[in-house]
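Residue numbers (our numbering): 1411 to 1727.
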Amino acid sequence: MLKTGYYTHPACRMHEMGAGHPECPERLDAIQERLSASGLDLTLKQLQAPAATFEDVALAHDEGFIDHLRQTSREMIENHSSDSYAYAYLDPDTAMNSHTLDAVMFSAGAAIAATDAVIKGDIANAFCAVRPPGHHAMRKKAMGFCFFNTVAVAVKHAIHQHGLERVAVVDFDVHHGNGTEDIFANDNQVLMVGFFQHPFYPYSGSEKSASNMVNIPVPARTNGAAVRELIENDWVPRLEEFKPEMIFISAGFDAHREDDLGQMRLNEQDYSWMTQRICEIAQRHAQGRIVSCLEGGYNLSALARSVEAHLRVLADL
1411 MLKTGYYTHP ACRMHEMGAG HPECPERLDA IQERLSASGL DLTLKQLQAP AATFEDVALA
1471 HDEGFIDHLR QTSREMIENH SSDSYAYAYL DPDTAMNSHT LDAVMFSAGA AIAATDAVIK
1531 GDIANAFCAV RPPGHHAMRK KAMGFCFFNT VAVAVKHAIH QHGLERVAVV DFDVHHGNGT
1591 EDIFANDNQV LMVGFFQHPF YPYSGSEKSA SNMVNIPVPA RTNGAAVREL IENDWVPRLE
1651 EFKPEMIFIS AGFDAHREDD LGQMRLNEQD YSWMTQRICE IAQRHAQGRI VSCLEGGYNL
1711 SALARSVEAH LRVLADL
């Protein structure tokens, strides 16, 4: 029986944006500690991510934008290589240190390697425990803690390198995946489905969108029962109609009731249920092929428990 691949890299812990910033290296530590304590890590195929190339990233991002991040990184390394507390701010919430570009490239590399391994049949499916997150990163812009769009790069790789014609992106982060929408709007090879709290950062997704975008804005304090209903009524029919050959998950866990960066009311059981529904669709149409990439989730305990619940379903435990 093929195992679930678990991709990460030490570089993903080196990027940080200052004391007290919620998108912190401790997020990955909390996940790893939970998987170790539960014994779940022993059932996964542990894999170290390779780095993506800039040619890989250019499938989803503008080359001028890529060059800008590379130049900013070079300046940080040249001027602040010994200063762990020096930052280049790209927006009020999003900053680079001298390790950020490495973290971003290993994150994208994890998603690409996971895509290759799943399609080749080396693993059943995969979870990428990487940071920084990616789903707010637009084709020409970093924002919302995100630099390059990890999932978008992997989707483009699946289409361009493996010849897939129908790829779905499922985004259950509490925030709208505006970057992913920016990259794939009106792309008939990609269907994106998501729910998100609204009105809320990044204050997008509620307006009329492209036909391949299934955006479901929900109010604060929406609970799991309501989310399950909208998934059955809105996501599932579109995914079944689309018949994806592979599914990518932007796995944000900040809609959890304990997460202070959102005001939704989900719990671990809701993440298990969502993952199960995605797996069922993948089994029917995509040979079970799923690559899930960490996005948000900032309460460390809730994040770790939710990732464990997500992984137990992916690993069919």
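By construction, the Cβ of each residue, glycine as well, lies at the ideal position given by its N, Cα and C atoms.
Unbroken beta strand (DSSP E) stretches of 3 residues or longer found wholly inside the segment 1502 to 1577: 1504 to 1506 and 1535 to 1538, given in chain order. For L1450, there is no enclosing beta strand (DSSP E), since its DSSP letter is neither H nor E. Of the residues assessed, T1560 falls on the buried side of the cut-off, its CB having 16 or more other CB atoms within 10 angstroms. In this structure, DSSP gives H1471 a state outside helix and strand, which the three-state scheme calls coil. Annotated three-state conformation of H1431 is coil, per DSSP. Minimum Cα-Cα distance from D1680 among the listed residues R1699, A1719 and D1439 corresponds to A1719.
For Q1673, the secondary structure class from DSSP, reduced to helix, strand or coil, is coil. By the CB criterion at 7 Å, H1586 and S1619 fall outside the cutoff. If you check the CB distance, V1579 and F1475 do not come in under 7 Å. If you compare the alpha carbons of N1709, Y1611 and N1625 with that of E1617, the shortest gap goes to N1625.
E1575 is classed as exposed because its beta carbon has fewer than 16 other beta carbons within 10 Å across all chains shown.
Going by C-alpha positions, L1601 is about 7 Å away from F1652. Per the C-alpha coordinates, the member of D1501, S1508 and T1504 positioned closest to H1490 is S1508.
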